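Written out below as structure tokens is the structure these notes cover.
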Amino acid sequence: MTLAVLLALGVLAVGGGVLVFVVDSMARATFCLLASFIAVAVMILMTGLAYLGTVIILMMIIEMVIMAVFMIMYMMNPAGLMPMSMFHNTRGAALISGLLFAGLTAGIFLADWPEKRGERPKDPTTALGETLMEGHMLTMMTLGVTLFSTIVATVVLATGRGRYDRLGDGLDAAHADDPAGGGVGR
Amino acid sequence: MILEAFLVVAAALFSVGLFGALTQQSVVMLMMGLELMINGIMLAAAAFWYFLAPAPDGQMIVVAVVTAMAIEMAMGFASVTAIYRAKRIDMTDAATELEG
Numbered sequence: 009m010t011l012a013v014l015l016a017l018g019v020l021a022v023g024g025g026v027l028v029f030v031v032d033s034m035a036r037a038t039f040c041l042l043a044s045f046i047a048v049a050v051m052i053l054m055t056g057l058a059y060l061g062t063v064i065i066l067m068m069i070i071e072m073v074i075m076a077v078f079m080i081m082y083m084m085n086p087a088g089l090m091p092m093s094m095f096h097n098t099r100g101a102a103l104i105s106g107l108l109f110a111g112l113t114a115g116i117f118l119a120d121w122p123e124k125r126g127e128r129p130k131d132p133t134t135a136l137g138e139t140l141m142e143g144h145m146l147t148m149m150t151l152g153v154t155l156f157s158t159i160v161a162t163v164v165l166a167t168g169r170g171r172y173d174r175l176g177d178g179l180d181a182a183h184a185d186d187p188a189g190g191g192v193g194r
Numbered sequence: 287m288i289l290e291a292f293l294v295v296a297a298a299l300f301s302v303g304l305f306g307a308l309t310q311q312s313v314v315m316l317m318m319g320l321e322l323m324i325n326g327i328m329l330a331a332a333a334f335w336y337f338l339a340p341a342p343d344g345q346m347i348v349v350a351v352v353t354a355m356a357i358e359m360a361m362g363f364a365s366v367t368a369i370y371r372a373k374r375i376d377m378t379d380a381a382t383e384l385e386g
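Keeping their order, the protein sequence lines are chains H and C.
If you count the first sequence from 1, you need to add 8 to reach the working numbering.
If you count the second sequence from 1, you need to add 286 to reach the working numbering.
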């Protein structure tokens, strides 16, 4: 029963991933990707990682909604109303991907996997929390700083006109160079 | 449940994602391919934790991969926005400034 559910989720995950690159509509592609992610998250939930599985589901729902917005912003054909090919080097990529899958699958079945070391904790979420706050505090801090750096970097990259555009490289202009005046006395 | 079943699904996700990343002309679709690849890695990490090394350290790999996925998406969209503002480019074939 468990194996059947696992296989069904695996087919859904991989099928959703394939459909992402098959359907014309970008909205459909986004939701196919979301279905794939949720199937993987449920598989992770089946391993007992309740907290991480739930986080992945919530994160992916938000992420795919944001991705749908970006699709509409940047794709020339977001609704797929005009069938068009947006692929390049399909044959080479299929060959590389196929060879990679064959190699990985062969490795999976030929590898002599080691025996399980240790027992699973009764509450993996508590165990993860204790690890994050004890032995892996440095890892957690590094991840936190990296995420903060990402916030700063993304704002810098995405900002159309920053303070250097408005006040010059030395930030010493007497008045901001704005396309429209603002403030008191405009 | 068996380890191999999880890993085959993870390998398939990684391969499909690689195919998408290599073939897509749209930057947003390329990012979808990268996300699928990271998705496969995440599943494999969870499977390794469950079947081989159920110590809490194994969960840290999943946390790190989830963080990498969030960073990839944020930086990807910010880069797309920056390139589009500067050059009006939204296709990978047009972004060839660093080509040798």
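Ideal Cβ positions, reconstructed from N, Cα and C, are used throughout, including at glycine.
From a predicted model like this one, the values you see are computed outputs, not experimental measurements.
Beta-carbon neighbours of residue i, restricted to chain C and to distances below 8 Å
{"i": "residue 122 of chain H", "result": "338"}
{"i": "residue 52 of chain H", "result": "328, 329, 332 and 348"}
{"i": "residue 44 of chain H", "result": "299, 322 and 325"}
{"i": "residue 22 of chain H", "result": "295, 298, 299 and 302"}
Enclosing alpha helix (DSSP H) for residue i [first to last residue]
{"i": "residue 342 of chain C", "result": "342-373"}
{"i": "residue 13 of chain H", "result": "10-28"}
{"i": "residue 303 of chain C", "result": "289-309"}
{"i": "residue 174 of chain H", "result": "171-175"}
{"i": "residue 66 of chain H", "result": "58-82"}
{"i": "residue 312 of chain C", "result": "Segment: none, residue 312 of chain C is in no alpha helix (DSSP H) and carries neither H nor E."}
{"i": "residue 53 of chain H", "result": "34-54"}
Cutoff 8 Å: residue i Cβ touching any chain H Cβ
{"i": "residue 368 of chain C", "result": "yes"}
{"i": "residue 353 of chain C", "result": "yes"}
{"i": "residue 309 of chain C", "result": "yes"}
{"i": "residue 316 of chain C", "result": "no"}
{"i": "residue 290 of chain C", "result": "yes"}
Chain C contact for residue i (CB, 8 Å cutoff)
{"i": "residue 4 of chain H", "result": "It is not possible to answer for residue 4 of chain H, since the shown part of chain H is limited to 9 through 194."}
{"i": "residue 65 of chain H", "result": "no"}
{"i": "residue 146 of chain H", "result": "no"}
{"i": "residue 170 of chain H", "result": "no"}
{"i": "residue 166 of chain H", "result": "yes"}
{"i": "residue 69 of chain H", "result": "no"}
{"i": "residue 31 of chain H", "result": "no"}
{"i": "residue 136 of chain H", "result": "yes"}
{"i": "residue 184 of chain H", "result": "no"}
{"i": "residue 161 of chain H", "result": "yes"}
{"i": "residue 75 of chain H", "result": "yes"}
{"i": "residue 41 of chain H", "result": "yes"}
{"i": "residue 176 of chain H", "result": "no"}
{"i": "residue 118 of chain H", "result": "no"}
Contact set between residue i and chain H, taken where Cβ atoms lie within less than 7 Å
{"i": "residue 341 of chain C", "result": "126"}
Under 8 Å by beta carbon: chain H residues contacting residue i
{"i": "residue 357 of chain C", "result": "154, 155 and 158"}
{"i": "residue 304 of chain C", "result": "101, 104, 105 and 108"}
{"i": "residue 380 of chain C", "result": "Those within 8 Å of residue 380 of chain C in chain H number zero; the least Cβ separation is about 12 Å."}
8 Å Cβ cutoff, residue i in contact with chain B
{"i": "residue 371 of chain C", "result": "Judged by its chain identifiers, the structure shown contains no chain B, and its protein chains are H and C."}
Cross-chain neighbours of residue i in chain C, by beta carbon under 9 Å
{"i": "residue 129 of chain H", "result": "340, 341 and 342"}
{"i": "residue 37 of chain H", "result": "315 and 318"}
Per-residue contacts from residue i into chain C (C-beta, under 7 Å)
{"i": "residue 132 of chain H", "result": "345"}
{"i": "residue 26 of chain H", "result": "302"}
{"i": "residue 189 of chain H", "result": "Going along chain C, no residue has its Cβ under 7 Å from residue 189 of chain H, so there is no contact; the nearest lies around 23 Å."}
Checklist line | Whole runs of the alpha helix (DSSP H) within the segment 90-163 of chain H, excluding any shorter than 4 residues | finding: 98-118 and 132-141
Check: Between the segment 125-139 of chain H and the segment 53-65 of chain H, are three or more C-beta pairs nearer than 8 Å?
Finding: yes
Check: Would you call the segment 39-52 of chain H and the segment 67-78 of chain H in contact, with 3 or more CB pairs under 8 Å?
Finding: Yes: at least three Cβ pairs fall under 8 Å.
Check: Looking at C-beta atoms only, is the number of pairs between the segment 303-322 of chain C and the segment 334-352 of chain C that lie closer than 8 Å three or more?
Finding: no
Notebook entry, point to check: If we count Cβ pairs, one from each stretch, closer than 8 Å, do we get three or more for the segment 294-314 of chain C versus the segment 326-337 of chain C?
Noted result: yes
Check: Pairing CB atoms from the segment 23-43 of chain H with CB atoms from the segment 335-346 of chain C, are three or more of them under 8 Å?
Finding: no
Margin query: Whether or not the segment 146-154 of chain H and the segment 360-371 of chain C are in contact is what I'm after, with contact meaning three or more pairs of Cβ atoms, one per stretch, closer than 8 Å; do they touch?
Written below: These segments do not touch.
Notebook entry, point to check: Between the segment 304-311 of chain C and the segment 105-115 of chain H, are three or more C-beta pairs nearer than 8 Å?
Noted result: Judged by Cβ distances under 8 Å, the segment 304-311 of chain C makes contact with the segment 105-115 of chain H, as three or more pairs qualify.
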